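> Throughout the first sequence, residue numbering follows my numbering, covering 6 to 662 in sequence. Where is the CB? At the ideal position from N, CA and C, for every residue including glycine. Note that the structure is predicted; figures quoted are calculated from it, not measured. Structure below; questions to follow.
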Amino acid sequence: MSSSLTVVRAGSSQQQVIETATTGLDLFREDRTVIAVRVNGTVRDLSVVLSDGDVVEPVAISSPEGLTILRHSAAHVLAQAVQRQHNDAKLGIGPPITDGFYYDFDVSEPFTPEDLRSLEKEMTKIIKERQRFVRRVVTDDEARVELADEPYKLELITDKGSASADDGSSAEVGAGELTIYDNLRRDDSVAWKDLCRGPHVPHTGYIPAFALTRVSAAYWRGDQANAQLQRVYGTAWPSRDQLKAHQLRLEEAAKRDHRKLGAELDLYSFPTELGSGLALFHPKGGVLKREMEDYVRRRHIEEGFSYVGTPHISKGGLFETSGHLPYYADTMFPPMAMEGADYYLKAMNCPMHNLIYRSRGRSYRELPLRLFEFGSVYRYEKSGVVHGLTRVRGMTQDDSHSYVTAEQAPAEIKHLLDFVLGLLKDFGLDDYFLELSTRDPNSAKFIGSDDQWEIATDTLRRVAVDSGLELVDDPGGAAFYGPKVSVQTRDAIGRTWQMSTIQYDFNQPAGFGLEYQAADGSRQQPVMIHSAKFGSIERFIGVLVEHYAGAFPPWLAPVQVIGIPVADEFNDYLEDVAAQLRRVGVRVEVDTSDDRMQKKIRTAQKSKVPYMLIVGGDDAAAGAVSFRYRDGTQNNGVPVDRAVTEIVEAIADRRQV
RNA sequence: GCUGGCGUGGCGCAAUUGGUAGCGCACCUGUCUUGUAAACAGGCGGUUGUCGGUUCGAGUCCGACCGUCAGCUCCA
6 MSSSLTVVRA
16 GSSQQQVIET
26 ATTGLDLFRE
36 DRTVIAVRVN
46 GTVRDLSVVL
56 SDGDVVEPVA
66 ISSPEGLTIL
76 RHSAAHVLAQ
86 AVQRQHNDAK
96 LGIGPPITDG
106 FYYDFDVSEP
116 FTPEDLRSLE
126 KEMTKIIKER
136 QRFVRRVVTD
146 DEARVELADE
156 PYKLELITDK
166 GSASADDGSS
176 AEVGAGELTI
186 YDNLRRDDSV
196 AWKDLCRGPH
206 VPHTGYIPAF
216 ALTRVSAAYW
226 RGDQANAQLQ
236 RVYGTAWPSR
246 DQLKAHQLRL
256 EEAAKRDHRK
266 LGAELDLYSF
276 PTELGSGLAL
286 FHPKGGVLKR
296 EMEDYVRRRH
306 IEEGFSYVGT
316 PHISKGGLFE
326 TSGHLPYYAD
336 TMFPPMAMEG
346 ADYYLKAMNC
356 PMHNLIYRSR
366 GRSYRELPLR
376 LFEFGSVYRY
386 EKSGVVHGLT
396 RVRGMTQDDS
406 HSYVTAEQAP
416 AEIKHLLDFV
426 LGLLKDFGLD
436 DYFLELSTRD
446 PNSAKFIGSD
456 DQWEIATDTL
466 RRVAVDSGLE
476 LVDDPGGAAF
486 YGPKVSVQTR
496 DAIGRTWQMS
506 TIQYDFNQPA
516 GFGLEYQAAD
526 GSRQQPVMIH
536 SAKFGSIERF
546 IGVLVEHYAG
556 AFPPWLAPVQ
566 VIGIPVADEF
576 NDYLEDVAAQ
586 LRRVGVRVEV
596 DTSDDRMQKK
606 IRTAQKSKVP
616 YMLIVGGDDA
626 AAGAVSFRYR
636 DGTQNNGVPV
646 DRAVTEIVEA
656 IADRRQV
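Right, here's the structure in full:
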């Protein structure tokens with residue numbers, strides 16, 4: 006084993022040779038594939054001074070850590086470019102994010118798209134200058150002097166240690182010693198500097214491919230009470246090709262956007278006359294909705310739930326009893342005053358189910374008591390957050406509530422999670438993970454005792470962990486009445502949406518005075534488990550549209566089969582075939598328009614119908630049809646009875662074709 | 001809600017420095033129709049999101065509102 010390492014500060018004529026007793030890997034490569042080292046397990050940039058006995062491993066630019074370093078370094082280049090072009094710009098923070106980076110600036114005028122192009126040019130100049138990133142440890146006081154003109158950085162220095170990791174400030178300031186990164190020109194003069202924890206690439210020339218993508222406002226440290234800074238987003242990659250590929254991926258993803266596909270496929274619309282966040286389902290979207298509802302109603306009944314019905318509005322007192330009104334009045338539609346009472350559109354169904362539970366005395370023999378309904382709820386989402394079907398103001402929840410004894414709760418939760426996972430599988434969804442939302446013990450938003458919260462949270466966590474799925478913590482994200490496990494899925498462009506939820510609630514049973522009589526004759530309080538399998542039907546449809554890019558498996562496809570005659574003399578023959586399919590429940594249409602066959606194929610293809618049945622003289626003579634599948638492949642001269650069987654079986658199996 | 005952008009017939013787009021709205025698809029009518037992604041011809045359809053303002057004159061400028069897009073904040 007070699008005992009010598011050579012670390013070259015790229016862009017410099019100096020070579021720094023460090024004697025160690027480690028691996029002997031060639032840490033610096035001319036092809037710039039290695040940008041950092043892992044020293045005794047910690048990732049450091051190449052300006053670190055190694056000491057005898059350090060264990061050193063190379064970090065490749067294409068590794069996850071390498072990409073993070075690349076993007077964080079690109080953020081520094083951006084910040085330098087901004088300060089070159091805008092003297093008054095004050096620095097916020099500039100962390101790496103998925104696929105890219107951003108940097109926040111306090112500037113007098115917001116950036117325009119032209120500003121971004123100009124900043125890209127400035128960044129290219131800085132990259133060509135091959136400025137070295139050099140780490141320097143400073144004391145708090147030294148940092149305050151050096152960064153006297155940067156009020157936001159001063160705040161970070163002062164709050165060092167108390168800075169929470171989730172506001173991004175950890176990218177600037179780590180626990181322990183403060184560091185400043187200098188950008189050195191070739192003559193060692195300082196071009197720029199920033200308070201930063203690092204690490205960074207050896208020099209700016211290591212950023213071969215980047216683009217600035219958008220600007221927006223962001224609150225300083227994510228707090229609405231703070232100033233709004235201008236956030237510039239960018240993306241950076243180890244090669245031009247990878248940048249191109251990334252941009253292509255975004256374009257492809259945009260093509261599956263459910264808002265665009267919904268209009269193209271005539272599934273749903275959002276007329277302005279209705280109001281923001283309110284969807285209209287057209288006949289084809291209605292098929293999706295109905296299939297989902299039929300499925301989930303049947304499954305609930307199979308799983309021991311009773312189907313119930315409740316009204317859309319209620320007097321306000323109900324929501325005071327449930328505890329919702331004091332917390333969420335501002336997200337409910339304003340009340341309607343009628344004959345001395347205030348009526349509210351409901352924003353949740355649980356209070357009404359509680360009334361059903363309470364409608365008579367309950368015995369322990371009845372538990373678990375499981376209620377289920379399609380509940381239409383209305384929430385006045387802020388104007389800026391409404392988004393297609395995934396964030397609406399009126400939605401339908403497949404909402405259920407299980408009333409159980411405390412002892413039954415773990416088994417019920419496991420039961421519900423299995424239910425949900427089976428449902429997701431049947432709908433072909435695979436890109437999701439679990440999230441455990443817990444309370445923030447320092448917030449007054451959450452009610453109930455510490456013990457109760459602990460029991461509830463532990464119960465949920467155990468079931469979630471046992472599922473073996475990826476589990477992400479969401480501190481402070483619980484409902485006011487209890488913690489929840491939710492399934493999060495990603496949309497076409499990477500945003501995550503909460504779908505199914507399972508919530509453990511010990512508070513509402515207390516508020517409503519829910520009881521059951523136990524075997525020993527005592528009166529006990531049940532625990533209620535809230536659960537929605539799709540979450541909201543609307544949101545789930547939006548996610549499905551994006552997941553399948555509109556090409557639904559046959560069992561969900563609004564039109565499952567379309568008949569296309571080669572010429573109109575075969576219309577009648579196809580109508581007969583269609584009638585056979587209809588008799589066995591297949592959604593089939595025959596295109597008898599004046600268009601040519603080729604045009605009909607094109608039309609059917611664009612509407613993503615899974616099966617085209619084409620009939621000409623050969624087929625009619627043989628009592629057959631010719632398949633054209635959605636992927637363009639063909640199967641000619643299939644006898645009609647076999648064609649019907651093939652289609653019916655694929656639908657029954659929920660197969661994708 | 002906040003910051004910035006956008007808003008032309010159902011959809012996608014066009015309209016020189018402000019000078020009385022064009023095109024394709026779809027739709028309607030007619031003539032067509034034989035093998036796997038667009039037959040041909042004619043026609044209907046908008047006063048340019050809404051309201052107000054500037055101007056001799058506004059789709060083009062200004063304001064408010066509505067809607068929408070991106071991000072932030074929020075999301076029982």
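Going by C-alpha distance, which of I74, D478, G290 is nearest P243?
What you label residue 243 is simply residue 238 of the first sequence in a count that begins at 1. Measuring from the Cα of P243, the nearest candidate turns out to be I74.
> Does G321 come out as helix, strand or coil in the three-state DSSP assignment?
Looking up residue 321 in the first sequence gives position 316. Correct three-state label for G321: helix.
> On a Cα-Cα basis, can you pick out the residue from R137, V313, L200, D164 that is closest to D154?
The residue given as residue 154 occupies position 149 in the first sequence. Checking every option, the nearest Cα to that of D154 belongs to L200.
> Would you say I656 and L618 are within 8 angstroms of each other, going by their C-beta atoms?
Stepping through the first sequence from its first residue, residue 656 is reached at position 651. Stepping through the first sequence from its first residue, residue 618 is reached at position 613. It is not a contact, given that the beta carbons lie outside the stated cut-off.
> What is the residue span of the beta strand (DSSP E) that Q503 lies within?
Stepping through the first sequence from its first residue, residue 503 is reached at position 498. From DSSP, the beta strand (DSSP E) with Q503 extends over 501 to 510.
> Go to R363, then tell me how far its beta strand (DSSP E) extends in each direction, as first and last residue.
Position 358 of the first sequence, counting from 1, holds the residue named residue 363. Here R363 belongs to no beta strand (DSSP E), and DSSP marks it neither H nor E.
> For N640, count the other beta carbons within 10 Å of its own beta carbon; 16 or more makes it buried, fewer makes it exposed. Which is it?
The sequence position of residue 640 within the first sequence is 635, counting from 1. Per the 10 Å Cβ criterion, exposed.
> Taking the alpha-carbon of A515 as reference, which of Y383, L372, Q585, G328 has the nearest alpha-carbon?
Along the first sequence, one-based indexing puts residue 515 at 510. Cα-wise, what sits closest to A515 is G328.
> Rounded to a whole number of angstroms, what is the C-alpha to C-alpha distance between G290 and F557?
In the first sequence, residue 290 corresponds to position 285, counting from 1. In the first sequence, residue 557 corresponds to position 552, counting from 1. In a straight line, the C-alpha of G290 is about 12 angstroms away from that of F557.
> Looking at the structure shown, is Q136 part of a helix, part of a strand, or coil, going by DSSP?
Counting from one through the first sequence, the residue named residue 136 turns up at place 131. Three-state DSSP puts Q136 in coil, outside helix and strand.
> Considering only the alpha carbon of each residue, which of Q508, D271, Y578 lies closest to K2?
For residue 2 there is no data in the structure shown, the boundaries of the chain being 6 and 662.
> Throw me the rounded Cβ distance for the Y211 and I460 pair, which I believe falls under 8 angstroms.
Within the first sequence, numbered from 1, the residue matching residue 211 stands at position 206. Within the first sequence, numbered from 1, the residue matching residue 460 stands at position 455. About 52 angstroms; that fails the 8 angstroms criterion.
> Hey, which unbroken runs of the beta strand (DSSP E) at 3 residues or more fall wholly within the region 566 to 642?
566 to 570, 593 to 595, 616 to 620, 629 to 634
> What did DSSP end up calling V4 once you bin it into helix, strand or coil?
Nothing about residue 4 can be read from this structure; the chain reaches only from 6 to 662.
> For V391 and T277, I'd like the C-alpha separation in whole angstroms.
As a working mapping, residue 391 is identified with position 386 in the first sequence. As a working mapping, residue 277 is identified with position 272 in the first sequence. Cα-Cα distance, rounded: 13 angstroms.
> With a Cβ-Cβ cutoff of 8 angstroms, do L376 and F310 count as a contact?
Numbered from its first residue, the first sequence carries residue 376 at position 371. Numbered from its first residue, the first sequence carries residue 310 at position 305. Yes, they are a contact pair.
> Kindly identify the DSSP beta-bridge partner or partners of M400.
Position 395 of the first sequence holds residue 400. Its beta-bridge partners are V382.
> Taking the runs of the beta strand (DSSP E) that are 3 residues or longer, which of them lie wholly in the region 434 to 466?
437 to 443
> Could you check how far apart the C-beta atoms of I132 and T209 are, in whole angstroms? I think they sit under 8 angstroms.
Translated into positions along the first sequence, residue 132 becomes position 127. Translated into positions along the first sequence, residue 209 becomes position 204. Indeed they touch by this definition, with Cβ atoms about 5 angstroms apart.
> When the Cα of D573 is compared with those of R601, E594, A609, E412, which residue comes out closest?
Residue mapping note: residue 573 aligns to position 568 of the first sequence, counting from 1. Ranking the options by Cα distance to D573, first place goes to R601.
> Excluding the five sequence neighbours on either side, which residues of its own chain have a C-beta within less than 7 angstroms of the C-beta of T464, listed in chain order?
For the purposes of this step, residue 464 is taken as residue 459 along the first sequence, with counting starting at 1. These residues qualify, in order along the chain: A414, P415, I418, Y509.
> Determine the contact status of T443 and P480, defining contact as a CB-CB distance below 8 angstroms.
In the first sequence, the residue the question calls residue 443 occupies position 438. In the first sequence, the residue the question calls residue 480 occupies position 475. Cβ distance < 8 angstroms, so T443 and P480 count as in contact.
> Compare the C-alpha of F324 against each of E307, M353, D496 and name the closest.
For the purposes of this step, residue 324 is taken as the residue at position 319 of the first sequence. Checked all of E307, M353, D496; the closest Cα to F324 is M353.
> Would you tell me roughly how many angstroms separate the C-alpha atoms of Y238 and D104, rounded to the nearest one?
Locating residue 238 in the first sequence gives position 233, where the first residue counts as 1. Locating residue 104 in the first sequence gives position 99, where the first residue counts as 1. In a straight line, the C-alpha of Y238 is about 10 angstroms away from that of D104.
> Where Q585 and A562 are concerned, what is the direct C-alpha to C-alpha distance, given to the nearest angstrom?
For the purposes of this step, residue 585 is identified with residue 580 of the first sequence, where counting begins at 1. For the purposes of this step, residue 562 is identified with residue 557 of the first sequence, where counting begins at 1. Across the structure, Q585 and A562 are spaced so that their CA atoms are roughly 19 angstroms apart.
> Applying the criterion that 16 or more other CB atoms from any shown protein chain within 10 Å of the CB defines a buried residue, is I306 buried or exposed?
Translated into the one-based positions of the first sequence, residue 306 becomes position 301. The residue is exposed, with fewer than 16 neighbouring Cβ atoms inside 10 Å.
> Between the alpha carbons of G314 and G380, how many angstroms are there, rounded?
Start at 1 with the first residue of the first sequence, and residue 314 comes out as number 309. Start at 1 with the first residue of the first sequence, and residue 380 comes out as number 375. Approximately 8 angstroms between the Cα atoms of the pair.
> Excluding the 5 residues flanking T401 on each side, which residues of the same chain have their C-beta closer than 6 angstroms to its C-beta?
The residue you call residue 401 lines up with position 396 of the first sequence. Cβ within range, chain order: F379, S381, I542.
> Flag this pair as touching only if the region 278 to 287 and the region 255 to 264 have three or more C-beta atom pairs under 8 angstroms; answer yes or no.
no
> Touching or not, the region 83 to 95 and the region 483 to 492, by the rule of three or more beta carbon pairs under 8 angstroms?
no
> Would you kindly check if the distance between the Cβ of H420 and the Cβ of H535 is under 8 angstroms?
Counting from 1 along the first sequence, the entry for residue 535 is found at position 530. Counting from 1 along the first sequence, the entry for residue 420 is found at position 415. Not a contact, by the Cβ cut-off of 8 angstroms.
> Using a 10 Å radius around the Cβ and a threshold of 16 neighbouring Cβ atoms, would you call T144 buried or exposed?
Start at 1 with the first residue of the first sequence, and residue 144 comes out as number 139. Result: exposed.
> Below 8 angstroms, can you find three or more Cβ-Cβ pairs linking the region 574 to 582 to the region 429 to 441?
no
> Can you check DSSP and say which residues form a bridge with S221?
As a working mapping, residue 221 is identified with position 216 in the first sequence. Per DSSP, R236.
> Nearest to K489 by alpha carbon, out of M504, R588, Q522, L183?
Along the first sequence, one-based indexing puts residue 489 at 484. Of the candidates M504, R588, Q522, L183, the one whose C-alpha sits nearest the C-alpha of K489 is M504.
> Can W502 and V548 be called in contact, C-beta distance under 8 angstroms?
As a working mapping, residue 502 is identified with position 497 in the first sequence. As a working mapping, residue 548 is identified with position 543 in the first sequence. In contact: W502 and V548 (Cβ atoms closer than 8 angstroms).
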